[in-house]
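Residue numbers (our numbering), protein chains in the order written: chain A, 4 to 244; chain B, 361 to 418.
First comes the structure, then the notes that go with it.
Okay, structure coming up:
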């Protein structure tokens with residue numbers, strides 16, 4: 004069986020419907036445990052006090068913002084190279100989820116910045132590049148929806164997703180390349196995380212919870228796109244008769 | 361009782377910590393609900409056009 008047939012919408016519907024409940028369960032378990040540890044068991048920070056609890060939302064949301072964009076760009080590349088419609092649907096289904104995670108990262112970052120830095124916003128490299136990431140998501144969504152023919156919209160939006168991917172390493176390394184109020188990486192470091200396990204555990208649990216949220220929701224949204232094209236095909240067939 | 365009030369006060373940072381959790385919960389729940397509502401209505405449309413359709417069809 005060819006790779007294309009393996010990734011057929013019918014097979015996707017069948018397998019994804021089976022996987023989805025497990026992703027929902029894993030999301031609830033990880034987020035529940037993460038919230039319990041993050042809000043109750045973990046200590047306040049010796050410098051930041053209780054505001055450190057914003058980290059358990061802000062950091063996983065920011066990771067997901069980059070993860071979703073990377074997934075969107077990879078799917079778009081898959082669509083442009085192999086003309087695989089399911090890859091385009093995966094990118095299209097991912098964009099609003101990534102935009103929401105980016106919005107959450109921006110708002111929670113602002114709510115953390117005010118008490119700790121004394122400002123809601125600063126136009127430095129990290130914050131500005133994440134704002135650009137948010138607008139790239141919005142641009143992708145607008146472009147994908149701008150054409151009557153979903154294949155044309157998908158192609159134009161895929162190119163935007165690939166070009167915009169250059170922003171992802173800029174977001175990641177902005178804290179090392181430029182002076183910024185934002186602190187550098189404290190988990191994904193070559194010499195290991197520089198954060199105590201009482202805070203690292205809830206942080207990673209929340210990140211896992213958000214990842215499973217993405218898996219469950221992207222399945223629902225890809226299925227909706229498959230159904231939408233089915234409705235369109237059936238309506239066209241009915242009109243042609 | 362003051363234990364709970366102390367906890368909710370978040371060391372004086374309640375107006376930053378709780379809105380951060382609230383915004384995240386609202387955004388993620390609204391996106392979830394809208395996505396599932398859309399999925400349900402499209403599934404109903406397919407069934408109306410093609411009564412023999414099943415989600416887990418081979």
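Just so it is clear, CB atoms sit at the ideal spot from N, CA and C, and this is done for glycine as well.
Shorter than 9 Å from the beta carbon of residue i to some beta carbon of chain B?
i, result
"residue 185 (chain A)", "no"
"residue 52 (chain A)", "yes"
"residue 220 (chain A)", "yes"
"residue 143 (chain A)", "no"
"residue 4 (chain A)", "Because the pLDDT at residue 4 (chain A) is just 44, under 50, the model does not fix this residue reliably, and the value given afterwards should be weighed accordingly. No, residue 4 (chain A) does not count as interfacial toward chain B."
"residue 93 (chain A)", "no"
"residue 111 (chain A)", "yes"
"residue 99 (chain A)", "yes"
"residue 223 (chain A)", "yes"
"residue 49 (chain A)", "no"
"residue 162 (chain A)", "no"
"residue 198 (chain A)", "no"
"residue 234 (chain A)", "yes"
"residue 242 (chain A)", "no"
"residue 22 (chain A)", "no"
"residue 37 (chain A)", "no"
Using a Cβ-Cβ cut-off of 9 Å, state whether residue i counts as contacting chain A.
i, result
"residue 380 (chain B)", "yes"
"residue 362 (chain B)", "no"
"residue 418 (chain B)", "With a pLDDT of 47 at residue 418 (chain B), under the threshold of 50, the predicted position of this residue should be treated as unreliable, and no value is reported."
In chain A, which residues lie less than 7 Å from residue i when you measure between Cβ atoms?
i, result
"residue 410 (chain B)", "237"
Could you spell out the range, first to last residue, of the alpha helix (DSSP H) harbouring residue i?
i, result
"residue 237 (chain A)", "200 to 243"
"residue 122 (chain A)", "It is not in any alpha helix (DSSP H) - residue 122 (chain A) carries neither H nor E in the DSSP assignment."
"residue 371 (chain B)", "Counting along the chain, residue 371 (chain B) falls outside any alpha helix (DSSP H), and DSSP gives it neither H nor E."
"residue 179 (chain A)", "170 to 180"
"residue 166 (chain A)", "153 to 167"
Using a cut-off of 8 Å between C-beta atoms, extract the partners of residue i located in chain A.
i, result
"residue 440 (chain B)", "Residue 440 (chain B) falls outside the range modelled here, since chain B spans only 361 to 418, and no answer is possible."
So with CB distances below 8 Å, who are the chain B contacts of residue i?
i, result
"residue 115 (chain A)", "376 and 380"
"residue 103 (chain A)", "387, 388 and 391"
"residue 64 (chain A)", "384"
"residue 140 (chain A)", "Per Cβ cutoff of 8 Å: no residues; residue 140 (chain A) is ~13 Å from chain B at best."
Using a Cβ cut-off of 7 Å, pull out every chain B residue sitting near residue i, in sequence order please.
i, result
"residue 231 (chain A)", "402"
"residue 173 (chain A)", "The contacting residues do not exist; residue 173 (chain A) stays about 24 Å from chain B at best."
"residue 226 (chain A)", "399"
"residue 118 (chain A)", "373 and 376"
"residue 106 (chain A)", "387"
"residue 216 (chain A)", "388"
For residue i, which residues in chain B fall below 9 Å Cβ to Cβ?
i, result
"residue 56 (chain A)", "370, 373, 377, 380 and 381"
Task: Segments of 4+ residues assigned as alpha helix (DSSP H) that fall wholly inside the segment 28 to 104 of chain A - done: 58 to 85
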